[in-house]
Every structure is written in structure tokens, then in C-alpha cells.
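Everything below concerns the one structure shown next.
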Amino acid sequence: MTLNGTEILNPPPGVRPDPDQFVRAAMQWHFSPETGSPYWLHRAGSLGFDPRTDVRTHADLALFPNVAGELRDVPAQDLIPRGYGSRPDVVGVYESGGTTGAPKRVVLLRDWLDRMLAWSNEQLDAHGFPRGLNWLGTVPSGPHIVGEYFRRSAATHGTHGFTVDLDPRWVKRLIAEGRGKEAGAYAEHIVDQAAEVLRSQDIGVLTITPPLLERLAARDELVELVNKKVRAIRWGGTQLDPDTRDLYRDEIFPDTVFSGNYGSTMILGFAGERPGLGPDDPCVFDTLSPFVTFEVVDPEADGTDGTGGAYGINEPVPYGSRGRVVAHHVSASFLLPNNLERDTAIRVPALGEGPGDAVADIAPVTEFENETVIEGVY
Numbered sequence: 031m032t033l034n035g036t037e038i039l040n041p042p043p044g045v046r047p048d049p050d051q052f053v054r055a056a057m058q059w060h061f062s063p064e065t066g067s068p069y070w071l072h073r074a075g076s077l078g079f080d081p082r083t084d085v086r087t088h089a090d091l092a093l094f095p096n097v098a099g100e101l102r103d104v105p106a107q108d109l110i111p112r113g114y115g116s117r118p119d120v121v122g123v124y125e126s127g128g129t130t131g132a133p134k135r136v137v138l139l140r141d142w143l144d145r146m147l148a149w150s151n152e153q154l155d156a157h158g159f160p161r162g163l164n165w166l167g168t169v170p171s172g173p174h175i176v177g178e179y180f181r182r183s184a185a186t187h188g189t190h191g192f193t194v195d196l197d198p199r200w201v202k203r204l205i206a207e208g209r210g211k212e213a214g215a216y217a218e219h220i221v222d223q224a225a226e227v228l229r230s231q232d233i234g235v236l237t238i239t240p241p242l243l244e245r246l247a248a249r250d251e252l253v254e255l256v257n258k259k260v261r262a263i264r265w266g267g268t269q270l271d272p273d274t275r276d277l278y279r280d281e282i283f284p285d286t287v288f289s290g291n292y293g294s295t296m297i298l299g300f301a302g303e304r305p306g307l308g309p310d311d312p313c314v315f316d317t318l319s320p321f322v323t324f325e326v327v328d329p330e331a332d333g334t335d336g337t338g339g340a341y342g343i344n345e346p347v348p349y350g351s352r353g354r355v356v357a358h359h360v361s362a363s364f365l366l367p368n369n370l371e372r373d374t375a376i377r378v379p380a381l382g383e384g385p386g387d388a389v390a391d392i393a394p395v396t397e398f399e400n401e402t403v404i405e406g407v408y
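If you're matching positions, the sequence shown starts at 31 in the numbering used here and goes up one per residue.
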């Protein structure tokens, strides 16, 4: 399918535009006075290059500095491209988890939510998640984008969404202050509430974080209940080591579809576990390319500073090696290139001929942006 102009930024579902043409169209959109956001139009003056002429390929996204830290203070309305008109369809303003200091904010527009959901539902179908079932989610709500995606997924792929609220910032604060017993009691309180829903409702899909799943799996009654009722488990939020993943999938919940997400507020969504992986394969995550792409790079290579500052060069590690994850979000609704994430991963070839990398065996760094990383329950 041949796409022209702004159509490249908004192709029909399932159509993947040429990545370099896509990037060029995005630069025209985000840095033209008529269509760009106030934030990027102002920021362009200090970039040291002209994105409309100098960013010609996907690889040229490495020219951008990492500006994610600036999203702590930017007025949310300044992130909305002018091309959406005077009344853009804003779903909500969402915040990062606050793992490394004050939260960063992003704006979710309707067209991106719809695109991400359509892709997510395709992924769920590919994994064999049954449609039309009730969902239960033990996920953050409030300012966290994951709660929005849970509700929409439950409504579009399932029937009804039942939720147990989760405040990950409170848990991280308790852990940081050495109040581990209180953090554990709070986590048990979350599992207690999930147990009541599981006992009283017909729940077919469970969305849960690995730390909470560990506590659930420690209760024989709940393991029996999940195996009796739940047909699929979707995990995400914190990391899950390969041995534990295999234990859940093969022994504790052997008749339940088990699939994960690797999400980030700064990409306005998540990467999905690759369907069709064998029992001995690592857990590989793929993105909705070319809108969201990952690179796995050497933070010590020339051109990087290892802390989230400007790169100029993204030096990839060899396939099969571990490096830091750099994420790019490029869509009509949002632009955040060259963002150094707080995770490391094994570099895996992406599916097809798209740009970027797939990632496997995600693990957090111990310190990021001069802050100790505390994962807690999400």
C-alpha cells in the first residue's frame, strides 16, 4: 500500500509504513509551526540540528538528546501537537511510576490508544487468549497509563474488567524507608482483595505483576481457584526471571495461557511477548514498529554517557549480549526519541525487516538518574 504525506503517520491497522519515510513524515509533522507541539517547537532551537532536514532515517533518531527528564516539568498541554486542532481527543494525562524521582508526564490521545489496543488484541489472539471473558487486574490506576490500557483491553477483548487498585509509589516509599514488613502487609492486602473477586466472580483473564503473582501462588486455595477459573494470565510491571516463568507456566498453572508485557509510560504502551516461543526460548518482547522501537546499546561506548544524557551515537551490543535499552516513540500524537530506559536486556533480532531490536530477559539497573531503583510490586 502506498501512503502519502500525513497518511504515513496514520496507516490502516496492520500496515507498517517504510520506517525511513515514516520518520521523515514525523519530523515534518512535529517541527512544522502549523502541526508541531509547543514543547518541540520551542525545544528545536536548542537541538543544534534541524530535524526537518537532518533526520532522514530511523538511525538518525540518535541525533536527539534524551529529553525524558524534562517531562517532569513541561505543561502537559504543551505536548499536544497543534495539528490535532483546538479540541484534541485527549484520553488522559498519565505519569511514570516515580521510581527514579518526581514522575514524568505524557498525554494519551485517542488515535494512539486505538492503534495500540488493536495491536495488543491481535497479540492476545495470537497467544490464544479467549475473547469475551471477564478480566481481573491488580494494576495501578490513578495517574498510571497501565490502568487505562487494562480497562480498555478488558472491554474490547473481554467483557467486564474487575480491578484491585494498586499504589506502587507507596510500596516503593515503604521499601526505601526500611519498612519492608509494611510493604509486605500492603501486598498481602492486595492479594486478599483479588481473592474475593476470584471467589465471587467468573474471571477468565488475570492481569497481575510478578511480585503479586508470587504471593498468590503461595496460597494453595488461590492456585486451585485460578486453575479452576482462569484461562489466561497476563503478567507485567516488574521483571520475571526465566526459571520462575517456567515454573508458573509449566507446573503451577499448566493449563493456563501465560504471556507477558514489557511496558513503559514513556513509550505510551508496551512491547508484547512474542507468540510461538518454545519451552526453552527466552521471553522475547516485540514492539509495534516503527511507532515504538528499541535498541540495545553499550552505555560505555563512545557517544553515550550512561545516565540518560545526549547520545549522538547508539552503539549496539552484539545479538545475544546484554546492554541498556534505548526506546523511541514516534507517532503523530507523541514524539520521544532516544530515551534511555532503566533496564538492561539481551539484544534479539526484531521480527521481519523493521528497524530496532527485540529484547529478552529484562533486568533493572540498580541506579538510574542518580537514584536507587526500587521495583516494589510494580
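Glycine is no exception: its CB is placed at the ideal position from the N, C-alpha and C atoms.
Using the three-state DSSP reduction, which class does residue i fall into: helix, strand or coil?
i	result
Gly-336	Any reading at Gly-336 needs caution, since the residue's pLDDT is 44, under 50, leaving its predicted position unreliable; the model's value is listed next. Coil.
Glu-371	strand
Asn-291	strand
Val-121	strand
Met-31	Confidence at Met-31 is low in this model, with a pLDDT of 46, below 50, so the placement of that residue should be treated as unreliable; the coordinate-derived value is given next. Met-31 falls in the coil class under three-state DSSP.
His-190	coil
Tyr-341	For Tyr-341, the predicted structure reports a pLDDT of 44, less than 50, and the residue's modelled location is therefore unreliable. The matter cannot be settled from this model.
Glu-303	strand
Val-256	helix
Asp-311	coil
Gly-353	strand
Val-97	coil
Arg-377	strand
Val-53	helix
Val-104	coil
Pro-9	The structure shown has nothing for residue 9, since the chain only spans 31 to 408.
Pro-346	strand
Asp-144	helix
Arg-249	coil
Pro-41	coil
Pro-68	helix
Ile-297	helix
Phe-180	helix
Pro-47	coil
His-60	helix
Asp-87	Here residue 87 is Thr; the residue named in the question, Asp, does not match the sequence. In this structure, Thr-87 counts as coil in the three-state DSSP scheme.
Ser-230	helix
Does the distance from the C-beta atom of residue i to that of residue j stay below 8 Å?
i	j	result
Thr-65	Arg-112	yes
Ile-376	Pro-312	yes
Pro-173	Asp-108	no
Met-296	Val-136	yes
Pro-43	Arg-117	no
Gln-58	Arg-86	no
Leu-302	Trp-265	A quick correction: the sequence has Gly, not Leu, at residue 302. No; because the gap between Cβ atoms is not below 8 Å, this pair is not in contact.
Lys-134	Ala-156	no
Val-260	Ile-282	no
Asp-197	Pro-240	no
His-88	Asp-119	no
Glu-15	Asp-373	Coverage of the chain is limited to positions 31 through 408, which leaves residue 15 absent and any answer about it impossible.
Arg-245	Glu-218	yes
Ala-224	Val-253	no
Ala-55	Leu-77	no
So residue i packs on residue j, CB below 8 Å; how close in whole Å?
i	j	result
Tyr-216	Val-201	6 Å
Val-389	Val-355	6 Å
Leu-255	Ile-220	Contact doesn't hold; Cβ gap of about 16 Å is too wide.
Phe-180	Gly-191	6 Å
Asp-285	Asn-257	7 Å
Leu-91	Val-53	7 Å
Glu-207	Val-121	Their Cβ separation, rounded to whole angstroms, is 34 Å, which puts Glu-207 and Val-121 out of contact at 8 Å.
Tyr-292	Ile-392	6 Å
Phe-79	Leu-71	Actually they are not in contact, since the Cβ atoms of Phe-79 and Leu-71 sit about 15 Å apart, beyond 8 Å.
Gly-158	Val-287	5 Å
Gln-231	Pro-394	Not quite, the Cβ-Cβ distance comes to about 34 Å (not below 8 Å), so this is no contact.
Ala-106	Val-123	5 Å
According to DSSP, what are the bridge partners of residue i?
i	result
Gly-323	For the record, residue 323 in the displayed sequence is Thr; it is not Gly. BP columns for Thr-323 point to His-358.
Trp-165	Gly-191, Val-235
Trp-265	Ile-238, Gly-290
Arg-135	Glu-125
Asp-387	Phe-324, Pro-379
Ala-393	Thr-374
Leu-365	Val-360
Asp-316	Gly-302
Quick check: the stretch 155-167 against the stretch 130-147, are there 3 or more CB pairs under 8 Å?
no
Using 8 Å as the Cβ pair cut-off and three pairs as the minimum, do the stretch 358-368 and the stretch 246-265 touch?
no
I want to know whether the stretch 151-165 touches the stretch 184-204 - three or more CB-CB distances under 8 Å.
yes
At a cut of 8 Å, does the stretch 380-391 reach the stretch 304-322 through at least three beta carbon pairs?
yes
Assess contact between the stretch 356-366 and the stretch 320-332, defined as three or more Cβ pairs (one per stretch) separated by less than 8 Å. Is contact present?
yes
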